[in-house]
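Below you'll find the structure, written out as structure tokens, and then a few comments.
There are 2 protein chains.
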Amino acid sequence: MRMELAEDQLVAAVARVLSGRAPGVLVGPGDDAAIVEPARGSMLVTTDMLLDGVHFDLGAIAPTDLGSKSIVVNVSDIAAMGGSPRYAVVSLGLPPTIEMPWVIELYGGMRAACDEYALSLVGGDTSRAEAVTIAVAVIGDVAPRSAVTRDGARPGDLIAVTGSLGGAAGGFLLSRLHPSRLGRALSEPWGRALLEALHRPVARVGEGQTLARAGATAMMDLSDGLAKDLSRLCAASGCGARVRLDDVPVSAAVRAAGDVLGVDPLELALSGGEDYELLATLDATALDRARDELRERFGVTLTEVGVIIDEGLVAVDADGEHRLEPKGWDHFSDGG
Amino acid sequence: MRMELAEDQLVAAVARVLSGRAPGVLVGPGDDAAIVEPARGSMLVTTDMLLDGVHFDLGAIAPTDLGSKSIVVNVSDIAAMGGSPRYAVVSLGLPPTIEMPWVIELYGGMRAACDEYALSLVGGDTSRAEAVTIAVAVIGDVAPRSAVTRDGARPGDLIAVTGSLGGAAGGFLLSRLHPSRLGRALSEPWGRALLEALHRPVARVGEGQTLARAGATAMMDLSDGLAKDLSRLCAASGCGARVRLDDVPVSAAVRAAGDVLGVDPLELALSGGEDYELLATLDATALDRARDELRERFGVTLTEVGVIIDEGLVAVDADGEHRLEPKGWDHFSDGG
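These protein sequences, in sequence, are chains R and E. Position in the first sequence (first residue = 1) + 277 = our numbering. Position in the second sequence (first residue = 1) + 277 = our numbering.
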């Protein structure tokens, strides 16, 4: 890992944030590479980058939340395979205007998320950049041949999602409101819930493992919206899907905020992204078993929203059938 | 891993570049996470980010070279531990002005470097960004308890470096010359050698393993210049160093270019970065053995440049002793 600028000082400060118990870590941050115990079973590897002005708004998100989210979005990818996260490394690009306390809080948020999901932050690289840039890679493990990929869905499998959808997109729209309207919204429970959905997403690690054990045939996390991500799962599996729109679990906060945000709650639930809920396909017996276990162990709902079919993406509601458009979440591009 | 924009098309194109033999890879790019065989022995993890305008100049480097370099600088960190690279993931930030063929060539360069160093490019994430941003993480392995860290140098150990130094910094200065002067320089073998040192660095993987087996007590790669990096090795090891300046292996191309570049070749060798040669400490017997093996197996020189002492950084030349200033390589910040 490279260090530059007057940065050995920053690295030392960060090393203090990262010090302490770190399971599996033989040599942590500060050397050319971290040395860790190998993954058990098969190894999972993923990476996701967050950029100011694309994935977040530097002025609107607290550095601890941003640090946490940069870890969680990667952990969510490991969860979506049915695995356990083990290690993270971070490449950080910082404009010269960023001050040390902000960076320490950012790393504090990363560390807190790593503690919560039981992975170790083992190294990083810091560079000058025009915009705050956070690239995280997470390594996880999974028992051999038990990872759940996207390509195993078969016609007749039921389609299920964890939790509720649209909250993060609602939080994003809320954050773009005029300050006076934003202030009023934040005096309501639903307003705070929406911003929390955007800034403090949760990765469904135990839930993903439960779905894998129950016999999920395909699984992925919902980062770009149900419609878009389901179209990807279907493309990978070589099949189609029929979704009952009335059964889509729209976030209660989004329903409460619908008028203020001026959007159709169902539309946000289908096309809004960054919910990081899990989308899984499985047979009826497996779904029942997984639903019970998710409720009992995690207090999380699992909702059946449709069925895998031979081909095509179909939405069904009281008006009949129409094509489910795989519109995705394009972050800040059309929002501001 | 997240996908966005009208980007499934890009991802598909990239997947074609990345397809083919990939040792250890059970599921490659395209799912939430890659699934790979676990590391053997201990696992090494590193990450490095390259940013346009900070680490490279988009107009001056070919995309294949940039792709290759983004892998090589990470592989070099694995080499500096005495390990073997196994897997890479890439987070890529691209401005909308970048065209698809450029991205394909970039990935082609990454793939070629992965082939050369026998690692597998297993996944990635692509986002919109203001500037081209390439964050790579590489996972490697090393036999248990045989990784060479920075903190094992002891007084009396000899200090050695592989290859020659200053070439990449010379290439950087050359690239900033007026086009007419640059054109003349590139008609000379040393001009082409300097640009190649900057754009096509080599990671010393076999050499690092040889040094580890020979008994290196500490090792790191030279990314920020001998003076700065040696000061870091000494700080980690709790010791000092005495360097004989006349023995520092200054790049022949830098010596040839000295007048054109208007710099002291020795200064570039000490303070210029990005050479990605290895810096190691070891006893006299180990040094002799490693030197012979590096020459015979890799055609690479290993040069003794000084000795580890109790404390302080000392440079020795015909004028006597003076302090070795740990000045580092600050990329583009003072170069233009």
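Don't be surprised by glycine CBs; every beta carbon is placed ideally from N, CA and C.
*asked:* Measuring straight from C-alpha to C-alpha, what distance separates G307/R and I416/E?
replied: 16 angstroms
*Name, going along the chain, the residues of the region 422-441 of chain R whose beta-carbon falls closer than 7 angstroms to a beta-carbon of chain E.*
Per Cβ criterion, the list reads A424, T426, R427.
*Out of D354/R, L555/R, M377/R, D524/R, state which residue places its alpha-carbon closest to the alpha-carbon of Q286/R.*
M377/R
*DSSP on R600/E, reduced to helix/strand/coil?*
Secondary structure of R600/E (DSSP, three-state): strand.
*Quick one: is G468/R buried, meaning 16 or more other Cβ sit within 10 Å of its Cβ, or exposed?*
buried
*Residues that M497/R contacts on chain E, provided the C-beta gap is smaller than 7 angstroms*: From the beta-carbon of M497/R, the residues of chain E found nearer than 7 angstroms are D309.
*asked:* Taking only three categories from DSSP, how would you classify S548/E?
replied: In this structure, S548/E counts as helix in the three-state DSSP scheme.
_Based on DSSP bridge pairs, tell me the residues matched to I585/E._
A518/E
*Rounded straight-line distance, which links the Cα of M496/E to that of A489/E*: Straight-line measurement puts the Cα of M496/E at about 8 angstroms from the Cα of A489/E.
_Please classify G448/R as buried or exposed, where buried requires at least 16 other C-beta atoms within 10 Å of its C-beta._
buried
*Shorter than 7 angstroms from the beta carbon of D354/E to some beta carbon of chain R?*
yes
*Applying the criterion that 16 or more other CB atoms from any shown protein chain within 10 Å of the CB defines a buried residue, is P373/R buried or exposed?*
exposed
_Strictly under 7 angstroms for the Cβ-Cβ distance: is K312/E near chain R by that measure?_
Note that residue 312/E is Ile in the sequence shown, not Lys. Yes, because at least one Cβ of chain R sits closer than 7 angstroms to the Cβ of I312/E.
*What does E401/R reach in chain E if we use C-beta pairs closer than 9 angstroms?*
The residue you asked about is not Glu; residue 401/R is Gly in the sequence shown. Chain E residues near G401/R: T324.
_Below 7 angstroms on C-beta distance, what does V614/R contact in chain E?_
No answer is possible for residue 614/R: it lies beyond the span of chain R, which begins at 278 and ends at 613.
_Between the region 321-328 of chain E and the region 400-412 of chain R, can you find at least three pairs of beta-carbon atoms closer than 8 angstroms?_
They touch, by the three-pair rule.
*Could you tell me whether any Cβ in chain R is nearer than 7 angstroms to the Cβ of L559/E?*
no
*For the alpha helix (DSSP H) containing P340/R, list its first residue and its last residue.*
340-356
*Which whole-angstrom value describes the C-beta separation of V593/R and R600/R, a residue pair presumed to lie in contact below a C-beta threshold of 8 angstroms?*
Their Cβ separation, rounded to whole angstroms, is 11 angstroms, which puts V593/R and R600/R out of contact at 8 angstroms.
*Ordered along the chain, which non-local residues of its own chain (more than five positions away) have a Cβ less than 6 angstroms from that of G550/R?*
S500, D501, G502, W606
*Got a sec? Which residues, its chain only, sit under 8 angstroms from R279/E by beta carbon, not counting five neighbours each side?*
Interpretation of R279/E is limited by its pLDDT of 45, a score under 50 that renders its predicted location unreliable; no figure is taken from the coordinates.
*Taking only the alpha-carbon atoms, compute the straight-line gap between S452/E and E473/E and give it to the nearest angstrom.*
11 angstroms
*Bridge partners - M387/R, DSSP secondary structure assignment*: Paired residue(s): none; M387/R is not in a bridge.
_Neighbouring residues, chain E, relative to I416/R (Cβ below 8 angstroms)_ = M320, V322, I416
_Contacts that M358/E makes with chain R (C-beta to C-beta distance below 8 angstroms)_ = D308, D309, A310, I312
*Is the region 579-589 of chain R touching the region 513-523 of chain R in the sense that three or more CB pairs, one from each, lie closer than 8 angstroms?*
yes
*Could you check which residue in L371/E, G492/E, G386/E, A412/E has the C-alpha nearest to that of R431/E?*
Checked all of L371/E, G492/E, G386/E, A412/E; the closest Cα to R431/E is G492/E.
_Counting only beta-carbon separations shorter than 7 angstroms, does R477/E have a partner in chain R?_
Not one beta carbon of chain R lies nearer than 7 angstroms to the beta carbon of R477/E.
*When the Cβ atoms of the region 423-437 of chain R are set against those of the region 340-352 of chain R, are three or more pairs found closer than 8 angstroms?*
Judged by Cβ distances under 8 angstroms, the region 423-437 of chain R makes no contact with the region 340-352 of chain R, as fewer than three pairs qualify.
*How about V366/R: is its C-beta nearer than 7 angstroms to some C-beta of chain E?*
yes
*With a threshold of 16 other CB atoms inside 10 Å of the CB of A289/R, please say whether the residue is buried or exposed.*
exposed
*Under the DSSP definition of a beta bridge, which residues are partnered with V438/E?*
L556/E, T580/E
*Beta carbon proximity, V331/E to chain R, threshold 7 angstroms*: yes
*Taking only beta-carbon positions, decide if E581/R is within less than 7 angstroms of chain E.*
With its beta carbon at least 7 angstroms from every one in chain E, E581/R lies outside the interface.
*Does DSSP classify V540/R as helix, strand or coil?*
Coil at V540/R, not helix or strand.
*Sub-7 angstroms separation of L335/E and V413/E beta-carbons*: no
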